[in-house]
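What follows is one structure encoded as structure tokens, with my remarks underneath.
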Amino acid sequence: MERSSNRLFTTQDILGFAVLAVIIFIVLPMALDSFRLNLFGKYLTYAFVAVGLVLCWGAGGILSLGQGVFFGLGGYCMAMFLKLEASTPKNTAIQSTPGIPDFMDWNQLTALPWWWEPFNSLFFTMIAVVAVPVVFALIIGVAMFRRRVGGVYFAIITQAFAAILTILIIGQQGFTGGVNGITDLRTLHGWDIRTNDAKEVLYFVNAGLLFACLLIAQFVRKSKLGRLLIAMRDQEDRVRFSGYDVASFKIFIFCLGAAFAGIGGAMFTLQVGFMSPTLVGIVPSIEMVIFCAVGGRLSILGAVYGALLVNWAKTSLSESFPELWLLGLGGLFIAVVMVFPNGLAGVYAEHIAPRLSGLFGGKTGAAKSPKETPAE
Amino acid sequence: MNMQNPNFLLMVEGLTVSFDGFKAVNDLSFYVEPNECRVIIGPNGAGKTTVLDLICGRTKATAGSVKFKDKELLAMREDQIVHAGVGRKFQTPSVYEDLTVFENLELSYPKGHSVFGALTFRRDANVKARIKEIAETIFLEDLLDEKAAYLSHGQKQWLEIGMLLIQDPELLMLDEPVAGMSVAERKKTAELLRRIVEDRSVIVIEHDMGFVADIATRVTVLHQGKTLSEGSMERVQNDPKVIEVYLGH
Amino acid sequence: MTDRKIPKSLAGPSRRAFMAGSAAMTASLFAPKALFAQDYPTAQINTTGLAVTDDTVTIGILHSVTGTMAISETGSVQAEKLAIEQINAQGGILGRKIEYIQEDGASDWPTFAEKARKLLVNDKVASVMGCWTSASRKAVLPVFEQNNGMLYYPTFYEGLEESPNVIYTGQEATQQIIAGLNWVNETKGAKSFYLLGSDYIWPRTSNKIARKHIENFMDGCEVVGEDYYPLGHTQFNSVINKIRLKKPDVIYAIVVGGSNVAFYKQLKAAGIDMTKEAPIVLTISVTEDEIRGIGGENMEGAYACMKYFQSLDNDNNIAFVKAFKDMWGEDIVIGDVTQAAYLGPWLWKAAVEKAGSFDIDKVREAQIGVELETAPEGYVKVHENHHLWSKTRVGRAKLDGQYEVVFETADLVEPNPFPEGYQ
Amino acid sequence: MFSDYSMSELGAIFAMQGFAGLILFSVFVLMALGLAIIFGQMGVINMAHGEFMILGAYVTYLTSNLFAAWLPGVFGMYFFVAMILAFIASGALGLFIEWAMIRHLYKRPLDTLLATWGLSLILQQVYRSVFGAREVGVSIPDWMMGSLPVTDMIEVPINGIFVMVLATGISLAVYYMMFRSSWGLQVRAISQNRVMADAVGINTAWTDRLTFGIGCGVAGVAGSAFTMIGSTGPTAGQLYIVDTFLVVVFGGAASLLGTIASAFSISQAQSIMEFFLSGSMAKVLTLLVVVGILMIRPQGLFTLKLRK
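Protein chains in written order, with my numbering: chain A, 3 to 378; chain B, 98 to 346; chain C, 8 to 430; chain D, -13 to 294.
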């Protein structure tokens, strides 16, 4: 009675992970020049968020329109560390108060605010990158899920959080760099992150972290918790009356999504070289949902493809037809909802996988209904 | 009639809930003994389902007390009530349609109910054996790998009962368990219930009087949120107040 | 100002050139001193592998065509394209036609950084005309510094920056603020000021400089209130009430974008008639471009402090306005930033020709001290701090959406991005 | 902080500040009513609500140009024509969108959210292509600009009064339609029990379409009115969306009265705080308070307690 869904990896999962690994670790680095590779590295940072959304939204039915908040918090934590490192008294000698970040000096701050101090430590920063978003998610999650706020209300309130944080960051520019963000980041422990070599290294670090997150996500999906999430999405009351504290599961998965987003944000900062409130607001938050939806809201690997594909399309379309980009993106939103509700993964499972299995004569689970298509 | 009888499994006293002034359940009291099968009947809108909702924590009471094994349920969360030993089946079958029968039962298995527990839960031999055992009880042993969505209406009802049984509750509350079943399924369900009652108490809401007579130890008649009559099936059937309510209007 | 090395025909288009209509034809007719490519072998003038061929040189244009900033940046793109066309009509730079690659920053700062990198690393452009907001400039700045590119940045901005890889063709804050404040104090007798702005770095820094100047350098003057609203805010009745309460002589407004429209409409509706000048409204954020959205009737009587107005009456500007309208349509308006954007390609051309090379380092060196007599705003000169010497002017908004110039500084104002005593 | 002012000044200021709050209240009501109808009664999230408003604003712009060109004599009255046209244009687009998109998604409220977000992007680009990226200046008839002096210190803006009258009028009209017309009865019946409403012969498909259309039409009228106080550009609609949703959610989604009460409390809170704090902080605090209250009381201000 061994059931395939109880194993961490089915044959098909292994295949899916392997293909993605080959694409990310071998094909892209070989096919792309350093500039394009860095771009794809940036896209991959959004994939962290999209994978988190698959867990929250696809599996758990919790649609957060505020993932940008967590992405931003992670990114800002990293940016604060890098900014402090870049603001040596020597580099900032022309300031009235050397040794503090330039934007603080422009805003008449004469000393580093106390809550910036810990970000002198890389170790603390690495913890904060995950911990700060998680604590935020925990507060929001406890407040909302304990009171059984869900669905549309949750979406709107998380969206409001994105708006609030953006206004706050912009308004408190002496502490946050305001609308400009935290810019001109240079080195990580003396290692210049702006060189092409560094960017390549960062790409692989990023890809490695993404795979770690994918494995965690796969583990969660395949654990009993993963099945519980699906059960909760469809029959929340039944789960509750089977003796589960539904809220704690939702809080957990929301925090996990926030942690992924925070890591993504930190990697974004490292690869792009700055962090700004435009990554926090409502628009990027919703765009991250679309990456997830395009890939297939039920598929963690799909989320990665979704993030890569949409962003690649955005870059190339806006290079050649900037006017058309919004039309294309808008159309994509509508199409993915109305025509391909399970995104790329759904298309794969319905149309490609059956043919593949017919081709190889194997039985690779093609008969699965699209509604519960597992990864890939 | 404030009876502090330690032999009662469930003591409901002065239970009241009002929705914007409308008292759906009004100062209701009743007591359930161990191994009793209590059937609650009453006309539509009498508050039957609301009573179950109140006991299992789905609806918050305005006043009163619900004691289960001397523990006050009204102060507890739904999942804590379940862990205390109260199971609840809903009126419309609610099973996880996307999951298989096996997985449905597995999710109800009383282990790994914390976040960490669920992450580290392993499907070991004990779990499998227990699931198999329950599946036999609810006549679904051949359908373990079927998705719940493909079950018949009656089979879904059984599956939901099975999901409760696997937790081995001391008090089981069933809301119209035979609604929408064929005659054959009804008979099987009655047989199932009789077996269940052997080692636990059950509260059943039911309209089908034949079925009620078949299983009930005692019957409580609710009317406008209050107890109208209580006792054996025979006594209740002959109570003029009950006849008035059912036939008079 | 006597020692101008650049021949007039090189430094800018002549007025007659525009009137001839066909730009291509004018090149040979009116630019007798055009330089020929064969005099400048590519290998000599381009030693760092920029996108320069024997007959073309490629530059980048990097502005937002989509998103919220597209409203503001459109004018800059148009001005830059006009300048490029005119330069090409005169024979190009060192005999090479300018080609451009236009990228869309999409009002998104990471996209700006990404596109800047693309232009510099992949396309190897010889210079970039671009950016509008400070945030986009801050985002691309490290990219330009690391890859040694050259950015011509057109917007008036808060200062506090002096990058070797940027030429700031707009005013830094002191150039825009101080003369205007002095003027309103001296000619209108204004003593009390209410500072208002959208909540981001440029209005905040500008108001900070304004406050320092009012409090430290203007006798008997005071700031009676200071307020900031989020970008995109559309309800200003509360602050208008506060203004009534404080009764300032001057409302010093640095509101931007859609908020602008809301602010001036509501100001007028609240019965503050700006033509009566009680209080006076003085702004540094409303150019002719913005008035189109606000409506001339809602703006009439307000004063703006800029370096350029479309109504400027000099030959350079008359020709510029005509050429601009010929290219982009009769009903287009030209604001301060649009003019500054127009200067970008011309300043770069002058520097390249002075250096005799496209190499960034040589251009940078040559750029200092470059003068442009043909600028629509009048004569400008590049300061060694990479900003321009420019005049400050005050205009009064008219019903038709144009400004009437009521004041200009006698001399060019020195750019001072790190003003002592104002920080 | 009050010591600098005389009592009469303070009185006048508080009167005007109260009035400013009322204007903001009217603005919120206008923004939120259309959304409250659609979200409250149909459970559909219309993220393109702001773009429907902007459509109304563009219609007003076109109408003003038409009047200026062809009927300059009655230009002062164009605004009323424009509002009717705005209602028709936004309403018609709403009917079409319901038919093409929304009706397929009634069971997936989160998906309507995404699809209508896509719609909003498309509409923005369409506006940009048709009307240009710049804001358009809508000329307002002279009689609407300016203010009425009540005392020598208190002046009330006429467009503020106009917005208030309009908000009251539209609220009454919506109230009448919801609670006095057969359409309203049908809408309420459907929102209570769709299957039953279907069974008793209500044309649920058509009622839904009409509801969506009317909600969008009201948004169009709001957009038309907002040309008096705000900007009209392709992306201006985005400015309103968060505020609007919070007003509706805070009010308790199913209750029109709740929407009005919530618009009132949010506008007054914001208006009072704006007077004492910087505008940015007032905004942040208002949003935080609203979100905070929603966390404690997720069902919003007004809601019926229902048996599940």
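Don't be surprised by glycine CBs; every beta carbon is placed ideally from N, CA and C.
Beta carbon of residue i nearer than 8 angstroms to that of residue j
| i | j | result |
| --- | --- | --- |
| S157/D | I144/D | no |
| F262/A | V131/A | no |
| N201/B | M260/B | yes |
| I158/A | M146/A | no |
| K198/C | D256/C | yes |
| A120/C | A146/C | yes |
| L350/C | L319/C | no |
| A309/A | L46/A | yes |
| E304/C | K405/C | no |
Reduced DSSP category for residue i - H, G, I as helix; E, B as strand; rest coil
| i | result |
| --- | --- |
| H210/B | coil |
| L112/B | strand |
| S162/B | strand |
| D128/D | helix |
| F127/B | strand |
| F218/B | coil |
| S199/C | strand |
| A30/C | With a pLDDT of 40 at A30/C, under the threshold of 50, the modelled position of this residue cannot be trusted, and the question is left open. |
| A121/B | strand |
| V122/D | strand |
| Y429/C | coil |
| P149/C | helix |
| P31/A | helix |
| T63/C | strand |
Under 8 angstroms from the C-beta of residue i: neighbouring residues of chain C
| i | result |
| --- | --- |
| T49/D | Here the premise fails: no neighbours, minimum Cβ distance about 15 angstroms. |
Listed by chain order, chain A residues near residue i by CB distance under 7 angstroms
| i | result |
| --- | --- |
| M260/B | S244 |
| A101/D | F335, I336, V339 and M340 |
Residue i: contacting residues in chain A (beta-carbon distance under 9 angstroms)
| i | result |
| --- | --- |
| G104/D | I292, L331, G332, G333, L334, F335, I336, A337, V338 and V339 |
Whole-number beta carbon distance between residue j and residue i, since they are thought to touch under 8 angstroms
| i | j | result |
| --- | --- | --- |
| L274/D | L152/D | Between L152/D and L274/D the Cβ distance is about 30 angstroms, and since that is not below 8 angstroms, they are no contact. |
| P284/D | V151/A | 4 angstroms |
| S114/C | G74/C | 3 angstroms |
| G275/A | I195/A | 7 angstroms |
| E194/B | D236/A | 6 angstroms |
| I100/C | V359/C | 5 angstroms |
Contact list for residue i against chain D, beta-carbon separation under 7 angstroms
| i | result |
| --- | --- |
| G239/C | L225 |
Where residue i meets chain G, residues with beta-carbon distance less than 7 angstroms
| i | result |
| --- | --- |
| D111/C | Absence of chain G from the displayed structure is noted, the protein chains being A, B, C and D. |
Contacts of residue i in chain B (Cβ-Cβ under 7 angstroms)
| i | result |
| --- | --- |
| D236/A | Y193, E194 and D195 |
| D107/A | Simply none; closest approach about 46 angstroms. |
Contacts of residue i in chain A (Cβ-Cβ under 8 angstroms)
| i | result |
| --- | --- |
| F231/D | I158, Q161 and A162 |
| K93/D | Those do not exist, as K93/D stays about 11 angstroms from chain A at its closest Cβ, beyond 8 angstroms. |
Contacts that residue i makes with chain D (C-beta to C-beta distance below 9 angstroms)
| i | result |
| --- | --- |
| M32/A | Going along chain D, no residue has its Cβ under 9 angstroms from M32/A, so there is no contact; the nearest lies around 35 angstroms. |
*Evaluate the contact criterion for the stretch 293 to 305 of chain B versus the stretch 263 to 270 of chain B: three or more CB pairs, one atom per stretch, below 8 angstroms.*
yes
*asked:* Across the stretch 239 to 248 of chain A and the stretch 160 to 179 of chain B, are there enough close Cβ pairs to call them in contact, namely three or more that are closer than 8 angstroms?
replied: yes
_Under 8 angstroms: do the stretch 231 to 242 of chain C and the stretch 258 to 278 of chain D share three or more Cβ pairs, one atom per stretch?_
yes
*At least 3 beta-carbon pairs within less than 8 angstroms: the stretch 313 to 325 of chain A vs the stretch 146 to 163 of chain C*: no
*Three or more C-beta pairs closer than 8 angstroms, one from the stretch 250 to 261 of chain D and one from the stretch 58 to 78 of chain D: is that the case here?*
no
_Validate contact between the stretch 41 to 56 of chain C and the stretch 83 to 94 of chain C using beta carbons, cut 8 angstroms, 3 pairs_ = no
_Taking contact to mean 3 or more Cβ pairs, one atom from each stretch, closer than 8 angstroms, check whether the stretch 216 to 234 of chain D and the stretch 193 to 209 of chain C are in contact._
no
_Inter-stretch contact (C-beta, 8 angstroms, three-pair minimum) for the stretch 287 to 301 of chain A and the stretch 68 to 88 of chain A_ = yes
_Inter-stretch contact at 8 angstroms, needing at least 3 Cβ pairs: the stretch 177 to 186 of chain A / the stretch 11 to 21 of chain A_ = no
*When the Cβ atoms of the stretch 400 to 417 of chain C are set against those of the stretch 185 to 196 of chain C, are three or more pairs found closer than 8 angstroms?*
yes
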